[in-house]
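Following: one structure in structure tokens, then a few remarks.
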Amino acid sequence: MRKPLDTVALILVLIGALNWGLVGIFSFDLVAGIFGAMSVVSRIIYSLVGVAAIYGAFSFFRE
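Numbering (my numbering), first residue to last: 46 to 108.
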């Protein structure tokens with residue numbers, strides 16, 4: 046059974062991946078568009094996505 050933290054990490058990684066897709070295809074950063082370029086909130090979101098990716102990588106190799 047999946048832990049709640051696994052679900053949160055997956056959602057954050059998906060948000061990050063979709064944002065990078067928008068940046069690559071349309072040169073549009075959705076997080077910066079909503080919260081402002083390098084505002085405190087956007088930096089927190091970017092940091093959470095990065096931590097979620099690290100957590101996901103460790104979870105993947107742990108199983």
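C-beta atoms are modelled at their ideal positions from N, C-alpha and C, and glycine is treated no differently.
Q: Identify which residue in Lys48, Ala54 and Arg47 has its Cα closest to the Cα of Ile99.
A: In the sequence shown, residue 99 corresponds to position 54, counting from 1. Cα-wise, what sits closest to Ile99 is Ala54.
Q.
Helix, strand or coil for Arg47? Go by DSSP, reduced to three states.
A. By 1-based counting over the sequence shown, the position of residue 47 is 2. Arg47: coil per DSSP, three-state reduction.
Q.
Can you check which of these residues, Ala97, Val68, Lys48 and Ser72, is closest to Ile56 by C-alpha distance?
A. Taking the sequence shown and counting its residues from 1, one reaches residue 56 at position 11. Residue Ala97 is the option with its Cα nearest to Ile56.
**Q.** The alpha helix (DSSP H) enclosing Ala98, as first and last residue numbers
**A.** Taking the sequence shown and counting its residues from 1, the one referred to as residue 98 is at position 53. First-last of the alpha helix (DSSP H) with Ala98: Val85 to Arg107.
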